[in-house]
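Worksheet: one structure, shown below.
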Amino acid sequence: MDSPGSSSQADAQAAEADGPRRRVRVLLPLPLAEAYDYAVPEGMALAAGDCVLVPLGSRELTGVVWGEGGGDLPDKRLKEVLARHDAPPIPEASRRFVDWVANYVMSPPGAVLRMCISTLSALNPPKPTQAYRAADGGSVAGKLTPARRRVLAVLEDGPPRLPAELAREAGCGTGVLKGMAEAGMIEAVALPARLNLPLPDWSQAGAALSPDQQAAADMLAGQVREGGYSATVLDGVTGSGKTEVYFEAIAAALEAGRQVLVLLPEIALSAQWLERFARRFGAPPAEWHSDLTGARRRLTWRAVAEGSAKVVVGARSALFLPFPGLGLIVVDEEHETAFKQEDGVIYHARDMAVVRAHLGEIPIALVSATPALETVVNADQGRYRRLHLPDRHAGATLPALETIDLRQDKPERQRFLSPTLKQAVAETLAGGEQAMLFLNRRGYAPLTLCDSCGHRLECPNCTAWLVEHRLAGRLQCHHCGYGERLPSVCPTCEAPDSFRACGPGVERIAEEVAECFPDARTIVMASDLIHGPAQAADLIRRIQEREVDLIIGTQLVAKGHHFPLLTLVGVVDADLGLSGGDLRASERTFQLLQQVSGRAGRAERPGRVLLQTHMPEHPVLGALVAGDRDGFLAQEAEAREMRLLPPFGRLAALIVSGPHAGDVDRVAQALGRTAPRGKGIDVLGPAPAPLSVLRGRHRRRLLVKADRRIALQRTIADWLTRVKVPGSVRIAVDIDPYSFL
Ligand code: ADP
Ligand code: ZN
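Below you can see the structure in the form of structure tokens.
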């Protein structure tokens with residue numbers, strides 16, 4: 003850090019004598035309404051984007067210079083910038099992005115900035131780390147064991163290595179290295195800590211593309227070379243080679259010396275993607291997600307800010323990394339609702355990625371086999387360009403979808419697999435192929451109740467039933483994480499051992515499978531059963547290498563994976579998700595079931611998909627079976643347009659919450675009374691949220707429905723000034739809500 007030197011009173015007086023001092027506006031990563039002015043000490047060169055240390059009250063905080071100061075505070079009252087961090091500046095596009103997002107989602111800019119400089123310690127140059135190199139002269143005092151010989155061989159060709167790296171390459175423990183250092187065979191050197199990623203090599207040849215793929219790749223790569231903002235929807239069935247196509251655009255960006263950001267919905271589960279990238283470009287991308295260690299996070303942040311990390315693959319928060327030379331953004335599986343961040347700053351990463359591309363004047367590709375209705379409408383209306391890949395690669399056919407009518411084809415009592423589905427599984431396994439049973443429900447049973455009095459086990463903190471997780475031996479709340487053991491006596495009627503499971507979760511399906519197919523090697527994949535990316539990668543590998551016959555899984559298995567021997571997908575409950583008041587229920591169910599179906603028959607063997615349902619006549623199932631995605635979307639668009647729902651109208655939700663129901667109700671009712679209503683705008687509510695108590699907080703919701711011409715954010719901001727809110731009550735604004743709980 004540059005210290006400003008002596009900023010004594012004498013300096014201040016001298017400055018005042020010389021006329022007004024330079025001041026800058028500094029945005030702090032706090033939920034403050036605006037940036038504050040600070041005086042710039044004599045001799046400190048500061049520019050917009052610089053990271054600085056400033057005093058705030060009794061604290062010292064890191065903020066970012068947001069512009070020249072103004073304000074009417076007299077110089078005397080102004081505090082001085084304490085120091086400038088030795089860190090790359092936050093680029094202009096990132097700063098404008100922070101302001102834009104803050105304004106759009108109605109959060110204080112400082113709260114958004116926090117996502118940008120979340121790893122504050124990244125701002126100071128990282129501490130050097132210790133590495134080993136071969137000792138000069140090679141005087142060998144110690145014994146040369148085979149392990150030690152391997153270490154020396156590794157060090158012979160090339161630079162000093164970090165201990166862990168060296169041990170891995172030489173296939174020994176780090177203890178061996180210590181011993182060798184003591185014996186003088188190798189020596190420690192200090193290396194500046196950096197993210198030691200080899201550069202991805204764009205010049206390596208990619209796959210030989212089909213004519214359709216080539217046309218799409220040329221188009222995207224052309225946009226990258228040309229530069230400037232453009233948004234393209236890359237729309238193609240699962241297995242059509244969309245990833246191969248956008249890899250070509252990435253290569254073009256790398257060739258031009260630019261950085262690339264790829265957003266994936268579940269980065270912790272994208273082992274296959276990472277492997278593929280490494281194979282194509284001879285080097286891994288930089289990863290950005292919540293599983294990174296603190297040290298890794300800091301190094302990655304710095305490598306991105308310095309421009310040395312060329313390709314970043316990340317979850318939604320990667321959008322806020324300070325790329326100085328971004329040349330392309332790819333949002334893969336763009337329809338996924340995981341891109342919506344629901345706590346803190348509430349934003350949709352796909353939509354904000356389009357904004358980031360716009361501000362950075364670069365192309366963005368939105369990739370999906372089942373694009374969101376919003377995206378399709380944007381393409382139809384000419385705002386996005388559309389590239390279409392109609393066929394699966396190498397002639398693999400799309401699987402045949404059929405429904406199983408559970409009203410006729412009934413499972414046995416307390417069982418969930420119909421005779422037809424069981425038969426199909428048996429045939430698949432007998433043929434040496436793999437089957438998958440899909441049920442988007444974790445745990446053993448979604449509801450547990452007392453057989454003698456009907457008492458249901460509920461979460462004490464939330465309006466939600468506890469879900470039995472038999473493998474973990476617990477009942478769990480899926481909203482707050484509360485857990486308890488299954489009580490041996492009913493708390494209401496005191497009947498012993500009276501609790502009964504209602505309905506299936508994946509664990510219960512596993513139990514049924516074990517009964518019907520005792521010889522099948524089965525695994526259950528659900529987020530609570532997988533601890534970290536390494537375990538996920540291992541399970542995926544076991545499936546690929548055919549160490550597994552039957553996979554039972556939640557939506558975790560629906561996406562992206564390529565399992566050549568998987569030929570049967572059975573959807574245990576295709577109706578799950580179709581009920582409920584969510585405006586996107588049909589769309590989401592369609593997307594999810596289409597994605598799951600896409601797992602079947604990805605290679606030369608044809609696939610088959612069986613959907614168990616109580617309502618085979620439902621339009622979503624009809625469209626799935628007919629393979630009529632576009633028809634389904636057109637119908638869905640028409641329905642939304644009639645009701646003025648997104649993307650034809652706009653929505654915003656206000657969630658009022660607090661520990662005391664009375665206070666929350668008073669605020670919610672005051673909001674209801676003062677709500678803006680009139681031409682083009684209407685407010686529904688307040689009403690208790692479906693999760694009316696969550697983590698011990700009472701919740702009420704209001705829903706704003708507005709015409710696209712209404713200045714929604716300004717209207718809501720005005721409205722909020724009209725209501726007095728006690729300190730215990732919080733109002734969260736959710737622009738473009740996806741969750742209505
Ligand atoms: P999508 O992203 O559309 O689901 P992928 O890019 O994952 O499709 O392609 C599906 C499979 O087909 C992958 O294993 C991929 O490597 C392979 N593939 C696609 N296009 C080609 C090609 N032109 N040459 C060789 N393999 C290809
Ligand atoms: Zn709970």
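Going by this note's numbering, the letters in the sequence shown line up with residues 3 to 743, in that order. The beta carbon of each residue, even a glycine, is placed where N, CA and C say it ideally should be.
When you compare only the Cα positions, how much space is there between Asp738 and Leu656? Note on geometry: alpha-carbon atoms of Asp738 and Leu656 lie some 11 Å from one another.
Kindly indicate which residue of Pro200, Ala432, Val508 and Leu439 has the alpha-carbon position closest to the one of Ala772. Here the chain covers residues 3 to 743 and nothing more, so residue 772 does not appear.
Can you name, in chain order, every residue of its own chain whose Cβ lies under 7 Å from the Cβ of Ser370, other than the five neighbours on each side? In the same chain as Ser370, and ignoring 5 residues on each side of it, the C-beta atoms closer than 7 Å to its own belong to Asp237, Glu335, Glu336 and His337, in chain order.
Looking at the structure shown, is Asp4 part of a helix, part of a strand, or coil, going by DSSP? Only weak support is given to the placement of Asp4: the predicted model assigns it a pLDDT of 43, under 50, and the value that follows is read from those uncertain coordinates. Three-state result, Asp4: strand.
Alpha-carbon spacing of Gly680 relative to Arg697, whole angstroms: Taking the straight line from one Cα to the other gives about 36 Å.
Taking only heavy atoms of ligand 2 into account, decide whether any of them is closer than 7 Å to the Cβ of Ala198. The identity of residue 198 in the sequence shown is Asn, whereas the question assumes Ala. No - ligand 2 has no heavy atom lying nearer than 7 Å to the Cβ of Asn198.
Closer than 6 Å from C-beta to any heavy atom of ligand 1: which residues, in chain order? Every residue whose beta carbon comes nearer than 6 Å to a heavy atom of ligand 1 appears here in chain order: Ala209, Ala210, Leu211, Ser212, Gln215, Gly238, Thr240, Gly241, Ser242, Gly243, Lys244, Thr245, Glu246, His395 and His564.
Could you give the DSSP three-state label for Thr245: helix, strand or coil? Here Thr245 sits in helix by DSSP.
Would a C-beta distance cut-off of 8 Å place Leu265 and Ala374 closer than the cut-off? Contact: no.
Less than 8 Å separating the beta-carbons of Pro649 and Val379? The answer is yes: Cβ separation under 8 Å.
Apply the 10 Å Cβ neighbour rule to Lys561 and answer buried if 16 or more other Cβ atoms are within range, or exposed otherwise. Flag for Lys561 reads buried.
Look at the alpha carbon of Arg652 and the alpha carbon of Lys707, and state the distance between them as a whole number of angstroms. Cα-Cα distance, rounded: 6 Å.
Close beta carbons around Arg732, own chain, < 6 Å, minus the five adjacent residues each side: Excluding residues within five positions, the ones whose Cβ falls inside 6 Å are Ser659.
Buried or exposed, going by whether 16 or more other CB atoms sit within 10 Å of the CB of Glu289? Glu289 comes out buried.
Just verifying my parser: in three-state terms, what is the DSSP assignment at His662? Looking at His662 - three-state DSSP - the assignment turns out to be coil, as it is neither helix nor strand.
Output needed for Val491: all residues of its chain with C-beta closer than 6 Å, excluding positions within five of it in sequence on either side, in chain order. Cβ neighbours of Val491 beyond the five flanking positions: Pro498.
Below 8 Å on the Cβ atoms is my guess for Leu585 versus Gln557; work out the distance and round it to an integer in Å. Rounded, the Cβ-Cβ distance is 20 Å, inconsistent with contact.
Using the DSSP secondary-structure output, state which residues sit across from Arg409 in a beta bridge. Looking at the DSSP assignment, Arg409 forms no beta bridge with any residue, so it has no partner.
Compute the Euclidean distance between the alpha carbons of Thr591 and His360, then round it to the nearest angstrom. Distance between the alpha carbons of Thr591 and His360 is about 31 Å.
3 or more residues per run - each beta strand (DSSP E) lying fully within the segment 332 to 385: Counting whole runs of 3 or more residues, the segment 332 to 385 contains the beta strand (DSSP E) stretches 365 to 370.
Excluding the 5 residues flanking Pro661 on each side, which residues of the same chain have their C-beta closer than 8 Å to its C-beta? Within its own chain, the residues whose Cβ lies closer than 8 Å to the Cβ of Pro661, once the five positions on either side in sequence are excluded, are Gly698, Arg699, His700 and Ser730, listed in chain order.
Within 10 angstroms of its Cβ, does Gly534 collect 16 or more other Cβ (buried), or is it exposed? Taking all protein chains shown into account, Gly534 has fewer than 16 neighbouring C-beta atoms within 10 Å of its C-beta and is therefore exposed.
Given a threshold of 16 other Cβ atoms within 10 Å of its Cβ, counted over all protein chains shown, does Pro161 qualify as buried or as exposed? With fewer than 16 other Cβ atoms within 10 Å, it is exposed.
Note down the Cα distance separating Ala432 from Arg610, rounded to an integer number of angstroms. If you draw a straight line from the Cα of Ala432 to the Cα of Arg610, it is about 15 Å long.
Based on the DSSP secondary-structure assignment, which residues constitute the bridge partners of Ser232? Answer is Pro365, bridged to Ser232.
Near Lys342, which residues of its chain fall below 6 Å by C-beta distance, leaving aside the five closest residues on each side in sequence? His350 and Tyr740, listed in sequence order.
So, helix, strand or coil for Lys440, using DSSP? The identity of residue 440 in the sequence shown is Phe, whereas the question assumes Lys. In the structure shown, Phe440 sits in a strand (DSSP, three-state: E or B).
Rounded straight-line distance, which links the Cα of Ala689 to that of Tyr40: The straight-line gap separating the alpha-carbon atoms of Tyr40 and Ala689 is approximately 45 Å.
Hey, would you say Ile364 sits closer than 8 Å to Tyr248, going by beta carbons? Between Ile364 and Tyr248, the C-beta gap is not smaller than 8 Å, which leaves the two residues out of contact.
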